[in-house]
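Quick note, the sequences are listed as chains L and A, same order.
The numbering of the first sequence is this note's numbering, which starts it at 1 and goes up by one.
The numbering of the second sequence is this note's numbering, which starts it at 1 and goes up by one.
Take a look at the structure below.
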Amino acid sequence: NLQDKMDRVFKTLRGEASLNEWHIDNALKEIRVALLEADVNFKVVKEFTTRVREKAVGENVLTAFSPAQQVTKIVRDELQTLLGGNEVGLALVGSPAVIMMAGLQGSGKTTTSGKLALHLKNRGKRPLLVPCDVYRPAAIEQLRIVASNVKVPFFEIGDNRDPIDIARKAVADARTLLHDVVILDTAGRLHIDDDLMKELDTIKRETRPSEILFVADSMTGQDAVKSAKEFDDRLGVTGIVLTKLDGDARGGAALSIKSVVNRPIKLVGIGEKYVDLDVFHPDRMASRILG
Amino acid sequence: MTPDLPIDKHAIDGLEEGLLGADVGAELTMSIVGRVEGRVRDEKITSMDRLGQVIRDETRALIPERQIATIDLSRARPFVILVVGVNGTGKTTTIAKLAARWKGEGKSVLLGAADTFRAAAIEQLQMWADRVGVPMVKHKAGSDPAAVAHDTITAAKSRGTDVVLIDTAGRLHNKAHLMQELSKVRRVIEKELPGAPHETLLVLDGTTGQNGVNQAEAFLEAAKLTGMVVTKLDGTAKGGVILSIMRQFDIPVKFIGVGEGADDLIPFDPQAYVDTLFE
Ligand SMILES: Nc1nc2c(ncn2[C@@H]2O[C@H](COP(=O)(O)OP(=O)(O)OP(=O)(O)O)[C@@H](O)[C@H]2O)c(=O)[nH]1
Ligand SMILES: Nc1nc2c(ncn2[C@@H]2O[C@H](COP(=O)(O)OP(=O)(O)OP(=O)(O)O)[C@@H](O)[C@H]2O)c(=O)[nH]1
Ligand SMILES: [Mg+2]
Ligand SMILES: [Mg+2]
């Protein structure tokens, strides 16, 4: 693991008052490979190692720790700080508050919508699940089943196949029916699909969500920066959800996404059941990424 | 790259970043860069054009020759294909594409809805079956996937169907009980038709990073993979992790998915793939 690699780099450091640059540069080589293997975007790795280098060079060698432990601690602390603070709540503003789920195909938006609805219901809210994915075969049925499984009302759309109109009507209906939160499940889309990105922007303008959650698969590789940045540039993401963290991907996408979308990672998906939603723990994620 | 400019460090750095950014992975990237640098020295390469060719050749060399084989359906009848992979990669949609392709070639196709777990999984495949115009075998939601696979095979045998495509639930490869379930589905298929499944395809999301290697390794063990389909390459991701998978496990890529429609499937072409990797 990283600590062992650091130990090897630093075993020649003896009786020095501060961490010398040669040792640090060699340590950074190991750190760079570890982060790349963890799927952190290569540009983000470059920025990160530069930051760590600044912090490490000239640090006095504290007698309580070995130099290896010191550098590892700098890396871990820096990673944890970048990944973001502890529990950041959902912004539920408006009557009803609107949460818009967005992201690439298959990232886990529909399942997360169900988890979120259950989570909010358990906190005394009255959520409404709204199917805005009119494209994927049986997507509406999927959300209907999800809603019934978590016992949360589902917005029936009849023959309506206009996602913008569906969203608008759902929010209007929610007011009358006293739902205080509306969750808009949208279709997966590519960040380079101009028409579909415009569709999301129109839904946003019509419904004024207080949360636009970018739902990302935690096993995403280098592409994470491209898609996250485009969604953020075009919509203004307010929070990130990382899914499938019950897998064994190192999850470097977390750092990549956080670096380009400077918004909190609010929630994580840790399984396929509706209870499998957790708050994000930056310390655990830092350890996971470092391997 | 502009032709006939001298090669400098920027060119090699650009190569390294291009490979890393394509999810080729740190180790394989360093290996490719090392080989390219060696050839630049040995062959005294001075033109950027020639460098570009060397880079493509070295990358192309990582893809085993026999990868070029596509699926030969004449080997067996019914020809049974089991489709597996982690959650959300595009298995169900890929089955629809394969069904459309082979139906278009005059084959009779039968689908097996063996994802009995996920909400509306059966309905989703049924809609595709109706759209493409092929029959489907299904049981109630929550029933045993192995039973669906079994009944699909017996139906295919009695109808003289050419191709059977069996859809399975997405599953994370680190979940032992789910991988055991998959092994059981496979055993039931083998028992019902010796030699089947004739192909077991891993559907890999093109945006996946190095975890793709772990996925391939685990599914190879549990389900004896014979090929891969890489999806969502119509996006900006390059799917470079397949180079490591092909090298480490010798699993060929059969098709790539380039969209959400029934026609959005292309046979894997190693040279074309390498070219898009560097554009
Ligand atoms: N193991 C695990 N599976 C998950 C998690 N979140 C979602 N899934 C699974 O991932 C797959 C895709 O989930 P969906 O909710 O359909 O994804 P989506 O983003 O709505 O997909 P599209 O609407 O097609 O873009 C399903 O098999 C889900 O059960 C998670 O946290 N862990
Ligand atoms: N852009 C693009 N989207 C794709 C491609 N293949 C599948 N998709 C989309 O990815 C999402 C997931 O596809 P599914 O076929 O449901 O994936 P799956 O592997 O069966 O999912 P689970 O059964 O839940 O594990 C859907 O929105 C598909 O339309 C592709 O090649 N390109
Ligand atoms: Mg969905
Ligand atoms: Mg499926």
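Backbone N, C-alpha and C define an ideal beta-carbon position, used for all residues, glycine too.
Is there at least one non-hydrogen atom of ligand 4 closer than 7 Å to the beta-carbon of Thr92 of chain A? yes
Beta-carbon separation (whole angstroms), Ile164 of chain L vs Thr202 of chain L, contact threshold 8 Å: 5 Å
Sorry if obvious, but does the Cβ on Asp133 of chain L come closer than 7 Å to a heavy atom of ligand 3? yes
Within chain L, partners of Met127 of chain A - CB distance below 7 Å: Pro137, Ala138
So, for Ala156 of chain A: in the same chain, excluding its five sequence neighbours on each side, which residues have a beta-carbon less than 7 Å away from its beta-carbon? Pro78, Leu110, Val164
Are the beta-carbon atoms of Leu300 of chain L and Ala138 of chain L separated by less than 8 Å? What the structure shows of chain L is the stretch from 1 to 291, and residue 300 of chain L is not part of that stretch, so it cannot be assessed.
Verify the CB distance criterion: does Gln124 of chain A have a CB-CB separation below 8 Å to chain L? yes
6 Å Cβ shell around Asp4 of chain A - same chain, five flanking residues per side excluded: With a pLDDT of 49 at Asp4 of chain A, under the threshold of 50, the modelled position of that residue is not reliable, and no figure is offered here.
Burial state of Trp22 of chain L (16 or more Cβ within 10 Å): exposed
Ala97 of chain L versus Asn149 of chain L - alpha carbon distance: 22 Å
For a contact defined as C-beta to C-beta under 8 Å, what are the partners of Val86 of chain A on chain L? Met219, Lys244, Gly247
Report back the beta-carbon spacing between Val153 of chain L and Leu190 of chain L to the nearest angstrom; my notes put them in contact at under 8 Å. The question names Val, but residue 153 of chain L in the sequence shown is Pro. The Cβ separation is near 31 Å, so there is no contact.
Compute the Euclidean distance between the alpha carbons of Thr2 of chain A and Asp49 of chain A, then round it to the nearest angstrom. Confidence at Thr2 of chain A is low in this model, with a pLDDT of 48, below 50, so its placement is unreliable and the value that follows should be read with caution. Each residue's alpha carbon lies about 7 Å from the other.
Based on DSSP bridge pairs, tell me the residues matched to Phe333 of chain L. Since the first residue of chain L shown is 1 and the last is 291, residue 333 of chain L is not available in this structure.
Can you tell which of L:Ala249, L:Asn26, L:Gly271, L:His281 has the C-alpha that lies nearest to the C-alpha of Pro264 of chain L? L:His281
Residues, ordered as in the chain, of the stretch 58-84 of chain A that lie near chain L by beta-carbon distance below 9 Å: none
Chain A partners of Val75 of chain L, CB-CB under 9 Å? Simply none; closest approach about 17 Å.
Using 8 Å as the limit for Cβ to Cβ distance, is Lys232 of chain A near chain L? yes
Which first and last residues belong to the alpha helix (DSSP H) in which Leu118 of chain L is found? 109-122
Could one say the Cβ of Thr322 of chain A lies closer than 8 Å to chain L's Cβ atoms, at least one of them? What the structure shows of chain A is the stretch from 1 to 279, and residue 322 of chain A is not part of that stretch, so it cannot be assessed.
Distance between Phe42 of chain L and Ala228 of chain L (C-alpha atoms, nearest Å): 15 Å
Taking Leu90 of chain L as the reference, which of L:Ala68, L:Ala117, L:Val71 has the closest Cα? L:Ala117
Find the residues of chain L that neighbour Leu193 of chain A, judging by a C-beta separation of less than 9 Å, and give them in chain order. Those do not exist, as Leu193 of chain A stays about 29 Å from chain L at its closest Cβ, beyond 9 Å.
Any idea which residues DSSP pairs Thr168 of chain A with across the strands? A:Ala114
With Asp205 of chain A as the anchor, note down where its beta strand (DSSP E) starts and where it stops. 199-205
Would Leu182 of chain A pass as a contact of Ala119 of chain A if the rule is Cβ separation under 8 Å? no
With respect to 7 Å, is the separation between the Cβ of Gly257 of chain A and the closest non-hydrogen atom of ligand 2 below this value? yes
Does any heavy atom of ligand 3 sit closer than 7 Å to the C-beta of Asp250 of chain A? no
Just the chain L side, please: which residues come within less than 7 Å of Ala26 of chain A by C-beta, in chain order? Val33, Leu36, Glu37
Residue span of the alpha helix (DSSP H) that contains Val132 of chain A, given as start and end: 121-132
DSSP on Phe280 of chain A, reduced to helix/strand/coil? With chain A represented from 1 up to 279, any question about residue 280 of chain A goes unanswered, as that position is not in the structure.
With a CB to CB cut of under 7 Å and the five nearest residues on each side skipped, what residues in its chain are close to Ser256 of chain L? Val40, Asn41, Val44, Ala224, Val225
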